[in-house]
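Sequential numbering of the sequence shown, starting at 2, is according to my numbering.
Glycine included, C-beta positions come from ideal geometry on N, C-alpha and C.
This one's a predicted model, so the numbers in the text were calculated from it and none came from an experiment.
One structure below.
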Amino acid sequence: MSRPAMFEFDNTRRDDFVTLMRNVFCAESAARKAVAWDWLFKKPDPTGARTFGRGTQKDGSMVGACLILPHTLWIEGKESQSWWPVAVGVDPRHRGAGLPIVRSFFNQGPYYGGMPANDEIANLYRKLGMTGEVMLRNYFAPLRPGKMLSRRKGLPSPVAGAVDAGYRMASAMAFRNTPSLREDERITNVLHFGTAFNDLWNRARYGYRMTLARDSDYLNWRFHEFPLHSYDTLALWQGETLRGYAVTRLEEKDDRTNGLIVDIFTESGDERSFALLVRAAKGMLERQGAEQAILQLPECAWPVQGLKSLGFVHNKPMTLLQLHAADNQMNAKMPCLHKHWYFTRADSDQDY
Numbered sequence: 002m003s004r005p006a007m008f009e010f011d012n013t014r015r016d017d018f019v020t021l022m023r024n025v026f027c028a029e030s031a032a033r034k035a036v037a038w039d040w041l042f043k044k045p046d047p048t049g050a051r052t053f054g055r056g057t058q059k060d061g062s063m064v065g066a067c068l069i070l071p072h073t074l075w076i077e078g079k080e081s082q083s084w085w086p087v088a089v090g091v092d093p094r095h096r097g098a099g100l101p102i103v104r105s106f107f108n109q110g111p112y113y114g115g116m117p118a119n120d121e122i123a124n125l126y127r128k129l130g131m132t133g134e135v136m137l138r139n140y141f142a143p144l145r146p147g148k149m150l151s152r153r154k155g156l157p158s159p160v161a162g163a164v165d166a167g168y169r170m171a172s173a174m175a176f177r178n179t180p181s182l183r184e185d186e187r188i189t190n191v192l193h194f195g196t197a198f199n200d201l202w203n204r205a206r207y208g209y210r211m212t213l214a215r216d217s218d219y220l221n222w223r224f225h226e227f228p229l230h231s232y233d234t235l236a237l238w239q240g241e242t243l244r245g246y247a248v249t250r251l252e253e254k255d256d257r258t259n260g261l262i263v264d265i266f267t268e269s270g271d272e273r274s275f276a277l278l279v280r281a282a283k284g285m286l287e288r289q290g291a292e293q294a295i296l297q298l299p300e301c302a303w304p305v306q307g308l309k310s311l312g313f314v315h316n317k318p319m320t321l322l323q324l325h326a327a328d329n330q331m332n333a334k335m336p337c338l339h340k341h342w343y344f345t346r347a348d349s350d351q352d353y
């Protein structure tokens with residue numbers, strides 16, 4: 002029996018890829034890929050690198066596939082190319098068709114990043130050379146606890162409203178020592194990511210040891226051109242200088258509405274700007290009807306230490322984040338470097 006053969010493909014194989022995704026995952030997941038297809042292949046990268054597909058085929062049929070996206074990685078004081086596979090899927094009738102694809106990632110230098118779907122895949126990545134990893138966690142801040150109790154426990158609506166009002170008052174008292182805007186500061190809505198965001202990235206990146214680039218071309222592609230969801234962006238200004246930004250969206254999930262802070266970025270260690278943006282984002286999400294705010298970060302990211310003081314009262318692990326370096330010397334540094342990852346939900350493929 003012949004083995005599946007490796008091949009690479011472009012955006013003309015959309016229908017084959019979506020059909021495979023439908024067989025591997027579900028119709029909803031396949032539909033998201035179909036809508037996001039053209040957008041994924043338009044991802045900008047300063048190096049000129051472009052999204053492409055890699056798969057395995059047998060008798061002319063696609064039996065395994067993924068899309069590989071380029072991301073500019075900021076690591077140890079310089080920019081470098083990294084590659085990130087998304088939607089890795091294998092026809093369940095051809096289970097061995099995925100291993101050649103996964104092995105090929107480790108020849109895709111200089112850096113390859115991944116978020117393994119389960120422990121089995123994470124262990125496979127380790128066997129193939131992954132040396133560093135960090136857990137991504139969701140951090141939760143209640144916004145409307147009365148509404149949550151009404152949904153979960155049947156609390157009457159008038160009582161739920163009173164609980165929410167009481168919680169707002171208690172929160173205002175508890176967080177009265179958090180920063181407030183100074184006379185020369187303002188928070189605005191963002192309709193387009195312009196040169197100020199390039200200035201912020203070029204200034205702030207030197208405080209980070211490892212993160213993905215956030216230049217204006219990438220931000221416009223990621224948030225303003227995204228075909229599946231609409232996002233709101235808040236920017237913090239000090240005079241004419243951009244100090245940071247936060248991007249949010251609502252997530253309708255089952256019978257509840259979550260408020261996601263999908264991206265937030267300031268200079269590393271700028272706790273004050275981070276706190277101002279979080280408070281503004283939470284306020285906007287609450288007004289939009291969200292029951293809770295959710296922020297995803299690596300568990301060792303610099304802002305995590307102060308999240309409780311911003312109302313994020315509990316958290317749960319989500320998935321591992323792993324990065325491999327083709328250079329052996331750099332790969333040996335990965336366990337240490339993963340303690341300094343700054344990575345948000347928007348850096349992953351969770352929205353598409």
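Worksheet item: Roughly how many angstroms separate the alpha carbons of residue 267 and residue 46, rounded to a whole number?
Response: In the sequence shown, residue 267 corresponds to position 266, counting from 1. In the sequence shown, residue 46 corresponds to position 45, counting from 1. Taking the straight line joining both Cα atoms gives about 22 angstroms.
Worksheet item: Along the chain, where does the alpha helix (DSSP H) that runs through residue 330 open and close?
Response: Counting from one through the sequence shown, the residue named residue 330 turns up at place 329. It spans 329-338 - the alpha helix (DSSP H) in which residue 330 sits, taken as one unbroken run.
Discussion item. Is the beta carbon of residue 166 closer than 7 angstroms to that of residue 294?
Written reply: As a working mapping, residue 294 is identified with position 293 in the sequence shown. As a working mapping, residue 166 is identified with position 165 in the sequence shown. It is not a contact, given that the beta carbons lie outside the stated cut-off.
Worksheet item: Can you tell which of 250, 135, 34 and 225 has the C-alpha that lies nearest to the C-alpha of residue 263?
Response: Here residue 263 refers to the residue found at position 262 when the sequence shown is read from its first residue. A check of alpha carbon separations from residue 263 across 250, 135, 34 and 225 identifies 250 as the nearest.
Item to complete: Please look up how many angstroms separate the CB atoms of residue 21 and residue 90, rounded, as I've assumed it's under 8 angstroms.
Response: The residue you call residue 21 lines up with position 20 of the sequence shown. The residue you call residue 90 lines up with position 89 of the sequence shown. Going by Cβ atoms, the distance from residue 21 to residue 90 rounds to 6 angstroms, so yes, they are a contact pair.
Item to complete: Could you name the residues that DSSP lists as bridge partners for residue 190?
Response: As a first step, residue 190 is located in the sequence shown; it is residue number 189 there, counting from the start. 235, per the DSSP bridge assignment.
Discussion item. Considering only their Cβ atoms, is the gap separating residue 112 from residue 326 smaller than 7 angstroms?
Written reply: Position 325 of the sequence shown, counting from 1, holds the residue named residue 326. Position 111 of the sequence shown, counting from 1, holds the residue named residue 112. Going by beta carbons, residue 326 and residue 112 fall inside the 7 angstroms limit.
Practice prompt. Under 8 angstroms by Cβ, that's how I've got residue 41 and residue 68 pegged, so tell me the actual separation to the nearest angstrom.
Written response: Taking the sequence shown and counting its residues from 1, one reaches residue 41 at position 40. Taking the sequence shown and counting its residues from 1, one reaches residue 68 at position 67. Cβ atoms of residue 41 and residue 68 come within 8 angstroms of each other, at about 6 angstroms.
Worksheet item: Is the stretch 204-219 in contact with the stretch 341-351, if contact means three or more CB pairs nearer than 8 angstroms?
Response: Because the criterion of three Cβ pairs below 8 angstroms is met, the stretch 204-219 and the stretch 341-351 touch.
Worksheet entry | Buried versus exposed call for residue 279 [16 or more other C-beta atoms within 10 Å across all chains shown] | Walking along the sequence shown from the start, residue 279 turns up at place 278. Taking a 10 Å sphere around the C-beta of residue 279, we find 16 or more other C-beta atoms and assign the residue as buried.
Worksheet item: Are there three or more Cβ pairs, one per stretch, closer than 8 angstroms when the stretch 112-122 is compared with the stretch 320-337?
Response: Result yes; three or more Cβ-Cβ pairs closer than 8 angstroms.
Fill in: C-beta contact flag for residue 235 and residue 281 at 7 angstroms
As a position in the sequence shown, residue 235 is number 234, starting the count at 1. As a position in the sequence shown, residue 281 is number 280, starting the count at 1. Yes. Within cutoff.
Item to complete: Give me the Cα-Cα distance between residue 58 and residue 301, rounded to the nearest whole angstrom.
Response: By 1-based counting over the sequence shown, the position of residue 58 is 57. By 1-based counting over the sequence shown, the position of residue 301 is 300. Spanning the two alpha carbons is a distance of roughly 40 angstroms.
Worksheet item: Secondary structure at residue 229, three-state DSSP: helix, strand or coil?
Response: The residue you call residue 229 lines up with position 228 of the sequence shown. When secondary structure is reduced to three states using DSSP, residue 229 falls in the coil class, being assigned neither helix nor strand.
Practice prompt. Ignore the nearest five residues each way along the sequence and tell me which others in residue 7's own chain have a CB closer than 8 angstroms to its CB.
Written response: To locate residue 7, count along the sequence shown from 1; it is residue 6. So the list reads 55, 56, 57, 101, 102 and 105, once near-sequence residues are dropped.
Discussion item. Using only the alpha-carbon positions, how far apart do residue 94 and residue 230 sit?
Written reply: On the sequence shown, residue 94 is found 93 positions in, with the first residue counted as 1. On the sequence shown, residue 230 is found 229 positions in, with the first residue counted as 1. Answer to the nearest angstrom: the Cα atoms are 33 angstroms apart.
Worksheet entry | residue 37, buried or exposed, once every other Cβ within 10 Å from all chains shown has been counted against 16 | Numbered from its first residue, the sequence shown carries residue 37 at position 36. Flag for residue 37 reads buried.
Worksheet item: Between the C-alpha atoms of residue 269 and residue 244, what's the straight-line distance to the nearest angstrom?
Response: The residue given as residue 269 occupies position 268 in the sequence shown. The residue given as residue 244 occupies position 243 in the sequence shown. The straight-line gap separating the alpha-carbon atoms of residue 269 and residue 244 is approximately 11 angstroms.
Fill in: Member of 247, 256, 332 and 192 whose CA lies at the smallest distance from the CA of residue 297
Counting from one through the sequence shown, the residue named residue 297 turns up at place 296. Considering only alpha carbons, the answer is 247.
Worksheet item: Is DSSP giving residue 283 helix, strand or coil here?
Response: The residue labelled residue 283 in the question sits at position 282 within the sequence shown. It is helical.
Practice prompt. Check residue 120 in the structure and name its three-state DSSP category.
Written response: Residue 120 sits at position 119 when you count from the first residue of the sequence shown. Reduced to three states, the DSSP call for residue 120 is helix.
Practice prompt. Mark residue 315 as exposed unless 16 or more other C-beta atoms lie within 10 angstroms of its C-beta, in which case mark it buried.
Written response: In the sequence shown, residue 315 corresponds to position 314, counting from 1. Looking at its Cβ environment, which holds fewer than 16 other Cβ atoms inside 10 Å, residue 315 is exposed.
Worksheet item: For residue 153, which three-state DSSP category applies?
Response: Residue mapping note: residue 153 aligns to position 152 of the sequence shown, counting from 1. In the structure shown, residue 153 sits in a helix (DSSP, three-state: H, G or I).
Worksheet item: Distance, Cα to Cα, residue 10 vs residue 241?
Response: Walking along the sequence shown from the start, residue 10 turns up at place 9. Walking along the sequence shown from the start, residue 241 turns up at place 240. Looking at the two C-alpha atoms, the distance is approximately 45 angstroms.
Discussion item. So for residue 269, helix, strand or coil by DSSP?
Written reply: Taking the first residue of the sequence shown as position 1, residue 269 is located at position 268. Collapsing the DSSP output to three states places residue 269 in coil.
Worksheet entry | For residue 131, three-class secondary structure by DSSP | Position 130 of the sequence shown, counting from 1, holds the residue named residue 131. Residue state, collapsed to three classes: coil.
Worksheet entry | Candidates 256, 238 and 261: closest to residue 200 by CA position | Reading the sequence shown from its first residue, position 199 is the one you call residue 200. Nearest C-alpha to residue 200: 238.
Fill in: Residue from 160, 53, 27 and 159 whose Cα sits closest to the Cα of residue 39
Numbered from its first residue, the sequence shown carries residue 39 at position 38. Shortest Cα-Cα distance from residue 39 to any of 160, 53, 27 and 159 involves 53.
Practice prompt. Alpha carbon to alpha carbon, how far is residue 77 from residue 307? Give it in angstroms, no decimals.
Written response: Counted from its first residue, the sequence shown places residue 307 at position 306. Counted from its first residue, the sequence shown places residue 77 at position 76. Residue 307 and residue 77 have their C-alpha atoms some 25 angstroms from each other.
Practice prompt. Report yes if the C-beta distance between residue 286 and residue 260 is below 7 angstroms; otherwise report no.
Written response: Translated into the one-based positions of the sequence shown, residue 286 becomes position 285. Translated into the one-based positions of the sequence shown, residue 260 becomes position 259. Against a cut-off of 7 angstroms, the Cβ pair of residue 260 and residue 286 comes out as a contact.
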